[in-house]
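Scroll down for the structure; my scribbles are underneath it.
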Amino acid sequence: MLGATYAHLYPENLRAMVRDGLLDHDLPARRLAADQVHSSEEVFGGFAEWCRYDTTCALHDRDVRAVYGGLLDRVEQHPIPATDDADGFTATEIGMGAYQLVVFRENWPDLAQAIEAADRGDAVEFAKSPFTSPAQAAYRAITCLGYPTDVRGYPDLDPRIDTAVRAAPTTRGHVEAWDVQIGCFGLPIPGTNPPGPTPVEGTPPVLIVAGEHDPQPVPMG
Numbered sequence: 026m027l028g029a030t031y032a033h034l035y036p037e038n039l040r041a042m043v044r045d046g047l048l049d050h051d052l053p054a055r056r057l058a059a060d061q062v063h064s065s066e067e068v069f070g071g072f073a074e075w076c077r078y079d080t081t082c083a084l085h086d087r088d089v090r091a092v093y094g095g096l097l098d099r100v101e102q103h104p105i106p107a108t109d110d111a112d113g114f115t116a117t118e119i120g121m122g123a124y125q126l127v128v129f130r131e132n133w134p135d136l137a138q139a140i141e142a143a144d145r146g147d148a149v150e151f152a153k154s155p156f157t158s159p160a161q162a163a164y165r166a167i168t169c170l171g172y173p174t175d176v177r178g179y180p181d182l183d184p185r186i187d188t189a190v191r192a193a194p195t196t197r198g199h200v201e202a203w204d205v206q207i208g209c210f211g212l213p214i215p216g217t218n219p220p221g222p223t224p225v226e227g228t229p230p231v232l233i234v235a236g237e238h239d240p241q242p243v244p245m246g
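Under my numbering, read the sequence shown as residues 26 to 246, first letter to last.
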């Protein structure tokens with residue numbers, strides 16, 4: 026979004042531009058969430074396959090999807106405690122922590138260890154997730170300015186939750202864009218840059234690079 030905005034405002038300043046992992050700001054927040062839910066489920070499948078073949082995975086020789094699904098089922102009933110945090114972690118915190126680890130392959134060993142520890146009753150590894158950081162509130166507020174939610178109450182959310190769970194039975198819709206859908210609801214500050222096309226004229230060709238299975242920046246279509 027920063028690159029597109031700069032190109033829109035100052036096209037005469039551009040000699041060349043390459044942007045990696047861009048979000049398509051023309052997509053409404055609901056579509057962005059649906060695409061991220063689908064991509065995240067695919068990437069988690071890759072993580073599960075890696076655990077199946079790599080003996081260094083803490084969940085090797087176990088059904089990763091079943092272990093993680095069972096973990097979320099239990100956490101939805103009762104938060105799982107963590108070292109130095111007796112209040113424990115909710116299903117949303119576990120799910121978002123897993124999402125932020127699974128998106129980078131180099132973090133897969135850490136994700137496996139986090140799930141394995143939480144399955145034993147200690148969610149300490151998920152306490153390291155940026156989602157649990159106090160800075161998350163500021164990050165979300167900034168994101169809400171560019172992707173204001175169209176959620177007006179639970180009747181709007183209920184069918185979307187069902188759709189997300191059907192589309193992603195393992196990860197269950199815990200993605201950044203879904204956090205925006207819910208977390209931006211009720212924000213007293215209106216969005217200042219809602220989704221829509223960003224016209225760019227008078228620049229040289231801009232190269233946009235996006236990964237096919239990257240659940241954070243959805244592939245540009």
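Backbone N, C-alpha and C define an ideal beta-carbon position, used for all residues, glycine too.
Residue environment, residue i, which counts as buried when at least 16 other CB atoms sit within 10 Å
| i | result |
| --- | --- |
| GLY246 | Confidence at GLY246 is low in this model, with a pLDDT of 40, below 50, so its placement is unreliable and no value can be given for it. |
| ASN38 | exposed |
| LEU27 | exposed |
| PRO244 | Its pLDDT being 42, under 50, PRO244 is placed unreliably in this model, and the coordinates cannot settle the point. |
| PRO173 | buried |
| LEU57 | buried |
| GLY208 | buried |
| PRO215 | exposed |
| GLY120 | buried |
Assumed close pair residue i, residue j - CB separation to whole angstroms, cut-off 8 angstroms
| i | j | result |
| --- | --- | --- |
| GLN206 | ARG55 | 7 angstroms |
| ILE140 | LEU170 | That belief does not hold up - the Cβ atoms of ILE140 and LEU170 are roughly 34 angstroms apart, past 8 angstroms. |
| ALA29 | VAL225 | 7 angstroms |
| SER154 | GLY122 | 4 angstroms |
| THR157 | GLU201 | Not really, about 14 angstroms apart at Cβ, beyond 8 angstroms. |
| PRO104 | ASP98 | With 8 angstroms as the limit, PRO104 and ASP98 do not qualify as a contact, their Cβ atoms being about 13 angstroms apart. |
| PRO134 | THR81 | 7 angstroms |
| VAL89 | ASP144 | Contact doesn't hold; Cβ gap of about 11 angstroms is too wide. |
| ALA163 | VAL62 | Contact flag wrong, Cβ pair sits at about 24 angstroms. |
Proximal residues to residue i (C-beta, below 6 angstroms), its chain only, five neighbours per side dropped
| i | result |
| --- | --- |
| VAL252 | This structure leaves residue 252 out entirely; the chain is present only between 26 and 246. |
| VAL43 | LEU232 |
| PRO222 | ASP51 |
| LEU212 | CYS169 |
| THR217 | LEU170 |
| VAL234 | ASP45 |
Beta-carbon proximity list for residue i, same chain, < 7 angstroms, skipping 5 on both sides
| i | result |
| --- | --- |
| GLU101 | ALA116 |
| GLN138 | ALA83 and GLU150 |
| ALA152 | ALA107 and ASP110 |
Beta-carbon proximity list for residue i, same chain, < 8 angstroms, skipping 5 on both sides
| i | result |
| --- | --- |
| ASP79 | HIS85 |
| VAL190 | ARG197 and GLY198 |
Delimiting residues of the beta strand (DSSP E) encompassing residue i
| i | result |
| --- | --- |
| VAL43 | 42-45 |
Run of the alpha helix (DSSP H) containing residue i, from where it starts to where it stops
| i | result |
| --- | --- |
| ILE74 | Per the sequence shown, residue 74 should be read as Glu rather than Ile. From DSSP, the alpha helix (DSSP H) with GLU74 extends over 54-78. |
| ASP135 | 133-144 |
| GLN33 | Before going on, a small fix: residue 33 reads as His here, not Gln. Per DSSP, HIS33 belongs to the alpha helix (DSSP H) from 27-34. |
| ARG130 | First-last for ARG130: undefined, no H or E at that position. |
| ARG165 | 160-171 |
(request) Please list the segments of the beta strand (DSSP E) lying wholly inside the region 188-240, counting only runs of 3 or more residues, in order along the chain. (result) 231-234
(message) My parser needs the beta strand (DSSP E) runs of 3 or more residues fully inside the region 80-124; what are they?
(response) 105-107 and 110-114
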